[in-house]
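J.: Numbering (this note's numbering), first residue to last: 7 to 381.
Glycine residues also receive a C-beta, built at the ideal position from the N, C-alpha and C atoms.
Small disclaimer: the values here were computed from a predicted structure and weren't measured.
1) Assess, as a yes-or-no matter, whether the region 236–250 is touched by the region 345–363 under the definition of 3 or more beta carbon pairs within less than 8 angstroms.
2) For a minimum of 4 consecutive residues, which ranges assigned as the alpha helix (DSSP H) are wholly contained in the region 313–373?
3) Could you have a look at residue 274 and say whether DSSP puts it in helix, strand or coil?
4) List the endpoints of the continuous beta strand (DSSP E) containing residue 105.
5) What does a CB cutoff of less than 8 angstroms around residue 237 pick up in its chain, not counting 5 residues either side in sequence?
6) Which residue wins for smallest C-alpha separation from residue 47, given the options 359, 185, 40, 330?
7) Closest by CA to residue 183, which one among 154, 200, 24, 273?
8) According to the neighbour-count rule (16 or more other Cβ atoms, all chains shown, within 10 Å of its Cβ), is residue 297 buried or exposed?
9) On the DSSP letters alone, give me the boundaries of the alpha helix (DSSP H) that residue 32 sits inside.
10) Evaluate the contact criterion for the region 318–337 versus the region 275–290: three or more CB pairs, one atom per stretch, below 8 angstroms.
11) Going by C-alpha distance, which of 224, 306, 261 is nearest residue 318?
12) Is the CB-CB distance between residue 187 and residue 174 below 7 angstroms?
13) Based on Cα-Cα distance, which residue from 95, 87, 55, 57 lies nearest to residue 73?
14) For residue 98, list the residues DSSP reports as bridge partners.
15) So, residue 114 versus residue 36, is the Cβ gap smaller than 7 angstroms?
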């Protein structure tokens, strides 16, 4: 139906470019929320020693500062008008005199968290150097930053020695030293670097320090320390990703409000089930508030896609639930055990914007989640 196709296409296009639905992704990109997250106490700093980085650091690593001082251009995925990919220019002297090189480096909120705040990096340029090195080696930026943050604390506590690090003294904020450590993680010259190359869950099982080894379901911690919802999301989300059910977003909406553990779990599950529909349709999660059930139904109808003459929202949500349960059933079959998930004690020691977390409440939430997905 060409007419219906054009109508829904124009509706989506207008919502993307003529409303504020995607504006933040174009203007400052994902780092646009960094400063506000730091101000409410939701930004992990130095391996979550605190959720409130110093004011000077929060400003230095904010989206506003990157846009003013380092942003060179924005680019988009094919056919997308938003331009959420932000690229910085790093101009460096490489020989005495007037010999400079300029490197274009992408930046975003998660890598600023993991390679910036978590390591106590004090300058945006140093974060860019770390991010560029991680990218050039093809490493996961979140896993690398979180693993190095754990290693830095473990080194300070004496669990890891100078012999383990091959002479490297891991210190907060020391970008040059972290660059050296990243190269050794890739080359794996000894037992320590072979262990940390497998992630913080494995490394801490060998060297100790699991109380502050920030991994959930084996996956290194994403950006947010916002409340119970983000950690339930991290622990039992199908991918152990903050994007599974956006618990961080739910936490922030609940600041100053009352909600039972069951209500929180139910809302997380509803969101994760709907995201199965969006991801199956290859919809960018940044545009999730554009592709509402109503818009998605119109688009499917215009394309003539459906099991019957016309889909309903209930049909889509039922399909999302079916896809999600298939993923979880696979995980259960392969040995995923919610009851035995490790909860790092560190997250219980540092206040969130919603107050202190309690392990018993987290365990209750996990039990409720398991009961719901196995029903």
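T.: Taking the definition as stated:
1) yes
2) 319–339
3) On the chain shown, position 268 is the one that residue 274 refers to. It is helical.
4) For this step, residue 105 is matched to residue 99 along the chain shown. 105–113 is the span of the beta strand (DSSP E), which, as asked, contains residue 105.
5) Counted from its first residue, the chain shown places residue 237 at position 231. 222, 253, 349, 353, 363, 368.
6) Within the chain shown, residue 47 is the residue found at index 41, counting from 1. For residue 47, the closest C-alpha among the options 359, 185, 40, 330 is that of 359.
7) For this step, residue 183 is matched to residue 177 along the chain shown. Closest option to residue 183, Cα to Cα, is 154.
8) By one-based count along the chain shown, residue 297 stands at place 291. Answer is buried; the Cβ neighbour count reaches 16.
9) For the purposes of this step, residue 32 is taken as residue 26 along the chain shown, with counting starting at 1. Start and end: 29–33.
10) yes
11) Reading the chain shown from its first residue, position 312 is the one you call residue 318. The option with the nearest alpha carbon to residue 318 is 306.
12) Numbered from its first residue, the chain shown carries residue 187 at position 181. Numbered from its first residue, the chain shown carries residue 174 at position 168. A contact, by the Cβ cut-off of 7 angstroms.
13) Taking the chain shown and counting its residues from 1, the one referred to as residue 73 is at position 67. Nearest option by C-alpha distance: 95.
14) Within the chain shown, numbered from 1, the residue matching residue 98 stands at position 92. The bridge partners DSSP lists for residue 98 are 107.
15) Sequence index remark: in the chain shown, residue 114 carries index 108 (1-based). Sequence index remark: in the chain shown, residue 36 carries index 30 (1-based). The answer is yes: Cβ separation under 7 angstroms.
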